[in-house]
Amino acid sequence: MEARFPQEYVDAAAELVGLPIPAANAAGVRMNLERIAQIAAPLLAVTIPDEVEPAQVFEP
Amino acid sequence: MNEILALDAVAVAEAVRGKRVRAREVMEAALTEIAHRDDELNCFTQVMLAEAMSAADAVDARVAAGEDAGPLAGVPFAAKNLLDIAGVMTLAGSKILADNPAAKRDAAVVERLKRAGACLVGATNMDEFAYGFVTENAHYGTTRNPHDVSRVAGGSSGGSAAAVAAGMVPLALGSDTNGSIRVPAAFCGVYGLKATYGRISRAGAFLFAASLDHVGPFARSVRDLTVAFDVLHGPDSRDPVCSKRPVELVTPRLELETDGLRIGVLGGYFRRGGQAEVFAAVDAAARKLGATEVVELPNVELARAAAFLITAVEGGNLHLDRLRTRPADFDPAVVDRLMAGALVPASWYLHAQRFRHVFQERVREVFERFDVLLAPTTPCPAIEVGQQTMEFDGKQIPARPNLGVFTQPISFIGLPVVSVPVIEAGKLPLGVQVIGAPYKEADVLRVARRLEG
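Chains as they are written, first to last, in our numbering: chain A, 1 to 60; chain B, 61 to 513.
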């Protein structure tokens with residue numbers, strides 16, 4: 001599977017967010033980001049109409 | 061087990077109110093059972109002996125004085141340790157929060173159960189920060205399944221579910237973001253209610269992914285679950301997402317016929333990726349209810365993906381400071397996932413939040429034709445402690461993330477659900493989700509009641 005989160009992204013995002021990733025966690029964080037990317041891919045491929053707002057305070 | 065502990069909460073309260081048993085005797089029985097069994101099961105992270113006894117004595121004093129001691133008079137209950145208990149540290153399954161000061165005030169749900177006469181026994185074990193389905197906690201140990209101690213209780217509210225299943229308490233509180241009430245309810249063979257999002261106040265709960273977080277009860281009977289719902293729900297200005305809808309009591313309507321309800325069986329996604337016995341359990345429930353029509357929800361996989369994204373991002377953001385300063389003090393099962401969640405692009409997160417409205421609209425159309433939908437709670441019975449993978453269709457797949465495959469898309473849009481236990485002699489328990497339209501807790505509780513008989 002093609003990596004969706006290159007190490008450069010992980011390093012740059014961690015730097016921007018101010019979250020140093022300890023060496024012990026580096027592989028696990030990368031693996032989890034790849035898993036998130038894999039799960040998210042079909043969702044992100046869906047076009048959502050402009051008028052649909054985010055549901056931060058969600059009313060069922 | 062003491063015969064008092066075999067009673068459900070309503071029966072305990074009736075006996076206490078009717079002066080047939082004292083709340084003190086009930087509490088002593090509960091505490092004795094916990095002392096006998098909790099070394100093995102590890103349901104509790106804290107038992108509050110003195111407070112529990114004095115709460116029971118206070119109930120007895122009210123009964124003796126001829127006062128109304130409440131619908132849950134003298135009922136011992138437990139609370140997941142992410143719910144504030146005044147004077148106690150709210151751990152949320154973590155080592156890091158143990159350094160915090162003790163909570164000043166009870167969580168709203170704890171407060172409301174106490175007001176109804178219930179007596180708090182203690183706090184229960186959970187996956188760290190509620191990020192898991194197994195209650196194998198690196199700091200506080202594994203909660204064992206009372207039906208088979210080599211197996212997990214499920215999670216993340218595993219301590220509460222197992223305490224109810226073991227007969228230590230008739231009632232307990234948990235929380236559910238993606239299935240954390242329903243999964244342990246199914247694994248432990250008890251009832252679990254996840255009400256409509258916002259219907260039960262989360263004030264004083266240590267949240268996980270606020271957009272998806274619910275709190276709710278476990279019980280061994282539907283009438284207990286219903287009384288708990290009646291006591292727990294209703295507006296609360298302390299919780300910003302709590303619904304302003306007035307209280308709608310379900311207990312007076314619980315025994316109404318369900319013949320008028322249109323009940324469908326969820327097909328497609330909800331008939332794949334599980335062991336045959338979980339689908340057989342749904343079919344048996346459908347037969348009992350006379351439900352024959354199979355209905356599919358559209359885009360369920362995408363709903364699950366979106367819930368997964370929202371959980372990762374909100375969890376990562378909530379814990380960011382602690383991830384920066386104390387990464388080594390997190391549970392290894394949790395820390396990498398939270399760190400990853402903190403690094404996900406914002407546009408992905410918002411896409412998932414917008415998709416929630418898209419999915420909600422599509423499901424709303426289904427509820428124009430049905431009142432209640434049935435689905436399995438989990439894809440399998442309780443897995444072994446430590447089990448990482450499970451065989452499915454001849455392939456080994458990761459077990460843990462898949463335990464929520466059927467619960468996650470439902471909580472994503474906040475629908476009310478009761479997980480109804482299915483217990484057959486010689487087998488591990490399973491659960492069937494009875495799912496309703498928003499704010500229709502009465503429908504799901506009535507159908508659960510029908511399945512109970």
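Every residue gets a Cβ at the ideal spot worked out from N, C-alpha and C, and that includes glycine. Quick caveat, the model's predicted, so the values are computed rather than measured.
Residue from B:I473, B:V404 and B:R429 with nearest C-alpha to V360 of chain B:
In the second sequence, counting from the first residue as 1, residue 360 of chain B sits at position 300. Here the closest residue by C-alpha is B:I473.
In the DSSP assignment, find the unbroken beta strand (DSSP E) run with C179 of chain B in it and report its ends.
Residue numbering aside, residue 179 of chain B sits at position 119 when the second sequence is read from its first letter. Per DSSP, C179 of chain B belongs to the beta strand (DSSP E) from C179 to T184.
Runs of alpha helix (DSSP H) lying entirely within the stretch 441 to 498 of chain B, each at least 4 residues, in chain order:
459 to 462 and 468 to 471
The stretch 417 to 435 of chain B: positions lying closer than 8 Å to chain A by Cβ:
H417, V418 and Q420
What does the Cβ neighbour count give for T437 of chain B, buried or exposed, with the cut at 16 atoms within 10 Å?
The residue given as residue 437 of chain B occupies position 377 in the second sequence. By the 10 Å Cβ count, T437 of chain B comes out buried.
Would you tell me roughly how many angstroms separate the C-alpha atoms of A167 of chain B and K455 of chain B, rounded to the nearest one?
Counting from 1 along the second sequence, the entry for residue 167 of chain B is found at position 107. Counting from 1 along the second sequence, the entry for residue 455 of chain B is found at position 395. Here the C-alpha atom of A167 of chain B lies approximately 44 Å from the C-alpha atom of K455 of chain B.
Other residues of its chain near K79 of chain B: CB distance less than 7 Å, five sequence neighbours each side excluded
On the second sequence, residue 79 of chain B is found 19 positions in, with the first residue counted as 1. Result list for K79 of chain B: V123, in chain order.
Three-state secondary structure (DSSP) of H207 of chain B:
Locating residue 207 of chain B in the second sequence gives position 147, where the first residue counts as 1. Coil at H207 of chain B, not helix or strand.
With a CB to CB cut of under 7 Å and the five nearest residues on each side skipped, what residues in its chain are close to A435 of chain B?
Here residue 435 of chain B refers to the residue found at position 375 of the second sequence. Residues of the same chain with a CB within less than 7 Å of the CB of A435 of chain B, apart from the 5 flanking positions on each side, are L326, F330, V342, F466, Q493 and I495 in chain order.
Beta-carbon of P6 of chain A versus every beta-carbon of chain B: anything under 8 Å?
Position 6 of the first sequence, counted from the start, is the residue given in the question as residue 6 of chain A. Not one beta carbon of chain B lies nearer than 8 Å to the beta carbon of P6 of chain A.
Check whether chain B comes within 8 Å of M1 of chain A, counting only Cβ atoms and requiring the distance to be less than that.
Position 1 of the first sequence, counting from 1, holds the residue named residue 1 of chain A. Unreliable positioning characterises M1 of chain A in this predicted model, as indicated by a pLDDT of 46, which lies under 50. A coordinate reading is not provided.
On the DSSP bridge assignment, give the partners of F278 of chain B in chain order.
Sequence index remark: in the second sequence, residue 278 of chain B carries index 218 (1-based). BP columns for F278 of chain B point to B:A232 and B:G252.
Roughly how many angstroms separate the alpha carbons of A163 of chain B and G182 of chain B, rounded to a whole number?
Within the second sequence, residue 163 of chain B is the residue found at index 103, counting from 1. Within the second sequence, residue 182 of chain B is the residue found at index 122, counting from 1. Distance between the alpha carbons of A163 of chain B and G182 of chain B: 14 Å.
A435 of chain B lies in the beta strand (DSSP E); which residues open and close that run?
Within the second sequence, residue 435 of chain B is the residue found at index 375, counting from 1. If you look at A435 of chain B, you'll find it in the beta strand (DSSP E) that goes V432 to P436.
Check each candidate in B:R175, B:C248, B:A110 and B:A112 and name the one with the smallest Cα separation from L101 of chain B.
What you label residue 101 of chain B is simply residue 41 of the second sequence in a count that begins at 1. Nearest C-alpha to L101 of chain B: B:C248.
Contact defined as beta carbons within less than 8 Å: I believe T371 of chain B pairs with L505 of chain B. What is the distance between those atoms, to the nearest angstrom?
On the second sequence, residue 371 of chain B is found 311 positions in, with the first residue counted as 1. On the second sequence, residue 505 of chain B is found 445 positions in, with the first residue counted as 1. That pair is no contact at about 27 Å.
Note down, in chain order, each residue of its chain lying with its Cβ closer than 6 Å to the Cβ of A502 of chain B, except the 5 sequence neighbours on either side.
In the second sequence, residue 502 of chain B corresponds to position 442, counting from 1. For A502 of chain B, the CB contacts under 6 Å within the same chain, skipping 5 residues up- and downstream, are V310 and R313 in chain order.
Where G201 of chain B falls: helix, strand or coil (DSSP):
Taking the second sequence and counting its residues from 1, one reaches residue 201 of chain B at position 141. In this structure, G201 of chain B counts as strand in the three-state DSSP scheme.
Which residues DSSP lists as bridging P136 of chain B, in chain order
On the second sequence, residue 136 of chain B is found 76 positions in, with the first residue counted as 1. Under the DSSP definition of a beta bridge, P136 of chain B partners with B:C179.
For the 8 Å Cβ check, are there 3 or more pairs between the stretch 244 to 263 of chain B and the stretch 151 to 158 of chain B?
Judged by Cβ distances under 8 Å, the stretch 244 to 263 of chain B makes no contact with the stretch 151 to 158 of chain B, as fewer than three pairs qualify.
Give me the chain B residues within the contact set of A40 of chain A, using Cβ-Cβ distance strictly less than 7 Å, ordered along the chain.
Position 40 of the first sequence, counting from 1, holds the residue named residue 40 of chain A. Per Cβ cutoff of 7 Å: A365, L369 and W408.
Would E67 of chain A pass as an interface residue toward chain B - the criterion being a Cβ-Cβ separation below 8 Å?
The structure shown has nothing for residue 67 of chain A, since chain A only spans 1 to 60.
Under DSSP, the alpha helix (DSSP H) around G126 of chain B begins and ends at which residues?
In the second sequence, residue 126 of chain B corresponds to position 66, counting from 1. No alpha helix (DSSP H) contains G126 of chain B, which DSSP labels as neither H nor E.
Leaving out five residues before and five after V432 of chain B in sequence, what residues of the same chain have Cβ atoms less than 7 Å from its Cβ?
Stepping through the second sequence from its first residue, residue 432 of chain B is reached at position 372. So the list reads L321, I323, V494, I495, G496, D503, V504 and V507, once near-sequence residues are dropped.
Quick one: list the residues of chain A neighbouring P306 of chain B, beta-carbon separation under 7 Å, in chain order.
Looking up residue 306 of chain B in the second sequence gives position 246. What P306 of chain B touches in chain A: nothing, since even the nearest Cβ is about 16 Å away.
Distance, Cα to Cα, L362 of chain B vs D236 of chain B?
Along the second sequence, read from residue 1 onward, the residue named residue 362 of chain B stands at position 302. Along the second sequence, read from residue 1 onward, the residue named residue 236 of chain B stands at position 176. When rounded, the distance between both Cα atoms is 20 Å.
Rounded to whole angstroms, what is the Cα-Cα separation between A340 of chain B and V477 of chain B?
Against the second sequence, residue 340 of chain B aligns to sequence position 280. Against the second sequence, residue 477 of chain B aligns to sequence position 417. Near 19 Å, if we compare the C-alpha coordinates of V477 of chain B and A340 of chain B.
Count the other CB atoms, across all protein chains shown, that sit within 10 Å of the CB of L109 of chain B; report buried if there are 16 or more and exposed otherwise.
On the second sequence, residue 109 of chain B is found 49 positions in, with the first residue counted as 1. Answer is exposed; the Cβ neighbour count stays below 16.
Whole alpha helix (DSSP H) elements within the stretch 15 to 41 of chain A, 4-residue minimum
Whole alpha helix (DSSP H) segments, 4+ residues: zero.
Where A14 of chain A meets chain B, residues with beta-carbon distance less than 9 Å
Locating residue 14 of chain A in the first sequence gives position 14, counting from the first residue. By Cβ distance, chain B contributes M399, A402 and L403.
What residues are listed by DSSP as bridge partners for I323 of chain B?
Against the second sequence, residue 323 of chain B aligns to sequence position 263. Paired residues: B:V432.
Classify G486 of chain B as buried or exposed, calling it buried when 16 or more other Cβ atoms lie within 10 Å of its own Cβ.
Sequence index remark: in the second sequence, residue 486 of chain B carries index 426 (1-based). Looking at its Cβ environment, which holds fewer than 16 other Cβ atoms inside 10 Å, G486 of chain B is exposed.
Using DSSP bridges, identify the partner residues of Q106 of chain B.
Looking up residue 106 of chain B in the second sequence gives position 46. According to DSSP, Q106 of chain B bridges with B:A183.
Quick one: what's got a C-beta closer than 8 Å to N377 of chain B's C-beta in the same chain, skipping five residues either side?
What you label residue 377 of chain B is simply residue 317 of the second sequence in a count that begins at 1. G401 and A402, listed in sequence order.
Is V46 of chain A near H417 of chain B, with beta carbons less than 8 Å apart?
In the first sequence, residue 46 of chain A corresponds to position 46, counting from 1. In the second sequence, residue 417 of chain B corresponds to position 357, counting from 1. Cβ atoms of V46 of chain A and H417 of chain B: not closer than 8 Å.
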